[in-house]
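K.L.:
Here you go, one structure.
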Amino acid sequence: MYDLIFRNARIADGLGNPLVDGDLAVVDGKVAAIGTISDPAIEELDAQGLVLAPGAVDLHTHYDAQLTWDQTASPAGAVGVTTVVIGNCGFGIAPAPPDKRATILANLAEVEGMALSSLEAGVEWGFETFGEYLGFLRQKGVYPNVAVLASHTVMRTAVMGDAGSERLATPCELDAMLVLFREAMDAGAIGLGSSTNENHRGAGGIPIASRLANDDEFRAFAKVLSNYDHGVFMMTCGEHHGIPFMEEMSQLSGKASFYAPLFHYAHQPQRAAGIMRAAEVARTRGVPVYAQGSCQPLSLSFTLDHAYILKAMSPWPATEDRDELRCILSDPSFRAAFRETLAKPDRQHIFKGRWDWVPVATTVLPKNAGLAGRTIADIAAERRADPLDVFLDLGLEEDFGTKYTLFMLNMDEDGVAELLVNDGTLISLSDAGAHNAMLCDAGYAMYLLGHWVRNRGLFDLPTAIRKVTSDPADAYGIMDRGRLTPGAWADMILFDPEVIRITNMEQHFDLPAGGERLLRRAPGLHGTWVNGVRVFDGENYLSVQAPGHVLTEFSASRPQLGMPVSR
């Protein structure tokens, strides 16, 4: 007898093959049979012609801290994600020597736009080493499957403390970091995560520690990675590292490298396409270099005292003290200096002064209620005022209560489409678990199935499902997931392709210490199963014994996705 049978489903295997009408049976958390199944099961579910597909494999999340207090990794399961990779960009919370924990949390709060009060109230320190962190997650239980990257910045901080963000490592310090990396790989890390992105800043605006690493430090990590039969290298790159450097890392390590982030820049329309093509050329040489891209417009919601993106732009102040900010932001000399910054071309700054891409999200004062939904450019034109003045004056008038939305990247859909159809572009880059009060891109797979399949027709449904399931799983060596074939783990979603989408962001205050976050829902998603256990019923998470696996064993085979042999 089977544990579970879905009857009358349209089954997508996750490999890009045409959907098959029929039944799917599950035993011991794995797919046992597909077709016309006459045998009974303990539980049977009539799918009524809905699509049964593998759950999304989200390669780029930041649930590292959240998982210590939230088994569900919300909103993962509620938006069709069944496997997550954490430790991205080199940010995480292990290893965590007790005397470095405050620094680790303060830096994480700043660089990932998290409320420090929520982290301090929520993180459970039931571990110190990387291996103990994995054990802690297993003991606590997780709803999605979780794979963990070793975190470069955290290892640097564990060894060097605050000096990790100030200078190069000494040979002894580098040796100590490499010991930590070996310990992580031995414990089951999926690889190494790092960042050299200039917008990544720690507490007080200082660079995050991995930005102080020189190329020889990266090469040393790659050589350690070469000693293992599995592993990946992902890096959030800045202006000084690109595909040639990622290709070198792959050649040194013998492993796949993943460049992030791949967004379409309206002011540099050939930038992302050039990165995509350079990675493709590397793969024609047999070097597995990929890019992590997004299928959604990138936006951030913020108030003037938590202006995450603007903090990277001189002379925007690092302080979040409202009295200090009021003084600075009211100063005509500051405004003049910031206008000069906006007027200067600078590749590393995402905001280019496109005030027509900055709508007012919410207001506080009744007299300003009519401004919600209107852009700063529109309001400034109506008032015959300077847009920067309108932007600052409104926020100050409402005592920092005004929330703005900043649309930044992926605004040109034709440019985005060119990136998405390339097999070397892995659609993920959700940043789920981070920037909680600013964005919620965790539902990217539902957006892909609704917008890019149904509305735009860029992909057929089987291809789109493959792009967010077996492609990312295979690229990272995550075995027997991202597919519905006999013997594979039964990570599944049931959805209506005529309805599936994501909603606008909704405000919640459900993080520890009452912290704010924005969430989206996925109408058309009828359920999510992890290892054969239903964790989400289309409306709510279910109270079940956490079925997710902490993944520590990965394929030793190099990925073939987008490589010449697969053509």
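Position one of the sequence shown corresponds to residue -3 (this note's numbering), numbered consecutively onward.
Glycine included, each C-beta is placed from N, C-alpha and C at the ideal position.
1) Check for me: the alpha helix (DSSP H) holding phenylalanine 330 runs from which residue to which?
2) Let me know if glycine 76 comes out buried or exposed under the rule of 16 or more other beta-carbons within 10 Å of its beta-carbon.
3) Any contact of the region 494 to 502 with the region 102 to 122, i.e. 3+ C-beta pairs under 8 Å?
4) Verify the contact flag: valine 495, CB atom, against every heavy atom of the ligand SAH, threshold strictly below 7 Å.
5) Counting pairs of Cβ atoms below 8 Å between the region 45 to 61 and the region 502 to 517, do you hit three or more?
6) Quick one: is cysteine 323 buried, meaning 16 or more other Cβ sit within 10 Å of its Cβ, or exposed?
7) What's the C-alpha gap between tryptophan 65 and histidine 226?
8) Going by C-alpha to C-alpha distance, which of Ser246, Tyr304, Ile239 sits closest to methionine 272?
9) I'd like the span of the alpha helix (DSSP H) that includes valine 155, first residue to last.
10) Measuring CA to CA, which of Leu188, Gln135, Leu174, Leu115 is closest to leucine 145?
11) May I ask you to report which of helix, strand or coil DSSP gives tyrosine 440?
12) Keeping to the same chain, check which residues put their C-beta closer than 7 Å to that of alanine 430; ignore five residues upstream and five downstream.
13) Are the beta-carbon atoms belonging to aspartate 35 and arginine 3 less than 8 Å from one another?
14) Span of the alpha helix (DSSP H) holding tyrosine 224?
15) State the Cα-Cα distance for the pair serine 562 and glycine 127, rounded to the nearest angstrom.
16) Who are lysine 399's beta bridge partners in DSSP?
17) Tell me, please, which residues DSSP counts as bridged to leucine 0.
18) To the nearest angstrom, how far is the alpha carbon of proline 91 from that of valine 150?
19) With distances taken from CA atoms, which of Ala552, Trp353, Lys463 is nearest tyrosine 443?
20) Rounded to whole angstroms, what is the Cα-Cα separation between aspartate 410 and threonine 401?
21) Assuming asparagine 432 and leucine 367 form a contact by the criterion Cβ under 8 Å, report the distance between their Cβ atoms to the nearest whole angstrom.
22) How many angstroms separate the CA atom of asparagine 536 from the CA atom of alanine 74?
23) DSSP three-state call for tryptophan 525: helix, strand or coil?
24) Hey, out of Trp351, Met407, Leu454, Lys340, whose CA is closest to alanine 381's CA?
25) Where does histidine 447 fall in DSSP's three states?
26) Let me know the secondary structure DSSP gives alanine 623 once reduced to three states.
27) Within the continuous beta strand (DSSP E) that includes valine 77, where are the two ends?
28) Nearest CA to the CA of asparagine 13: which residue from Met309, Phe550, Phe455?
29) Only counting the same chain, and skipping five residues up and downstream in sequence, which positions put a Cβ closer than 6 Å to that of alanine 484?
30) Could you tell me the distance, in whole angstroms, from the CA atom of serine 295 to the CA atom of tyrosine -2?
31) My guess is that alanine 8 and alanine 21 are in contact by the Cβ rule of under 8 Å, so how many angstroms apart are they, rounded?
32) Tell me which residue opens and which closes the beta strand (DSSP E) that glycine 289 is part of.
33) Put glycine 544 into one of helix, strand or coil per three-state DSSP.
34) Measuring only the C-alpha atoms, how far is glycine 478 from arginine 450?
35) I'd like to check one pair, valine 526 with proline 140: are the Cβ atoms closer than 8 Å?
36) Looking at leucine 164 and leucine 415, is the spacing between their C-beta atoms short of 8 Å?
P.N.:
The answer reads as follows:
1) Counting along the chain, the alpha helix (DSSP H) containing phenylalanine 330 begins and ends at 328 to 339.
2) Looking at its Cβ environment, which holds 16 or more other Cβ atoms inside 10 Å, glycine 76 is buried.
3) No, they do not touch.
4) This structure does not include the ligand SAH; it has no bound ligands of any sort.
5) Contact between the region 45 to 61 and the region 502 to 517 is absent, because fewer than three Cβ pairs lie under 8 Å.
6) Exposed is the call here.
7) If you draw a straight line from the Cα of tryptophan 65 to the Cα of histidine 226, it is about 29 Å long.
8) Nearest C-alpha to methionine 272: Ile239.
9) In the DSSP assignment, valine 155 falls within the alpha helix (DSSP H) that extends over 148 to 156.
10) Taking each of Leu188, Gln135, Leu174, Leu115 in turn and checking the Cα distance to leucine 145, the smallest one comes out for Leu188.
11) Three-state DSSP puts tyrosine 440 in a helix.
12) Closer than 7 Å at Cβ, skipping near neighbours: His58, Glu108, Gly109, Met110.
13) Taking 8 Å as the Cβ cut-off, aspartate 35 and arginine 3 do not qualify as a contacting pair.
14) Secondary structure note for tyrosine 224: it is in no alpha helix (DSSP H), with a DSSP letter that is neither H nor E.
15) Because serine 562 carries a pLDDT of 44, less than 50, the predicted location of this residue cannot be relied on, and no value is offered for it.
16) Note: lysine 399 sits in a beta bridge opposite Thr358.
17) According to DSSP, which records beta bridges pairwise, leucine 0 is partnered with Val22, Glu39.
18) Rounded to whole angstroms, proline 91 to valine 150 spans 7 Å at the Cα level.
19) The option with the nearest alpha carbon to tyrosine 443 is Lys463.
20) Aspartate 410 and threonine 401: Cα-Cα distance of roughly 23 Å.
21) The pair is not a contact, with the Cβ atoms about 25 Å apart (cut-off 8 Å).
22) In a straight line, the C-alpha of asparagine 536 is about 8 Å away from that of alanine 74.
23) In the structure shown, the three-state DSSP call for tryptophan 525 is strand.
24) The residue from Trp351, Met407, Leu454, Lys340 with its alpha-carbon nearest to that of alanine 381 is Trp351.
25) Collapsing the DSSP output to three states places histidine 447 in a helix.
26) Nothing about residue 623 can be read from this structure; the chain reaches only from -3 to 563.
27) Start and end: 77 to 82.
28) The option with the nearest alpha carbon to asparagine 13 is Phe455.
29) If we look at alanine 484 and ignore the five residues flanking it on each side, its Cβ neighbours are Val27, Asp476.
30) Spanning the two alpha carbons is a distance of roughly 45 Å.
31) Rounded, the Cβ-Cβ distance is 16 Å, inconsistent with contact.
32) 285 to 289 is the extent of the beta strand (DSSP E) around glycine 289.
33) Assigned with DSSP and collapsed to three states, glycine 544 falls in coil, not helix or strand.
34) Taking the straight line from one Cα to the other gives about 21 Å.
35) Contact flag set, yes.
36) For leucine 415 and leucine 164, no; Cβs fall outside 8 Å.
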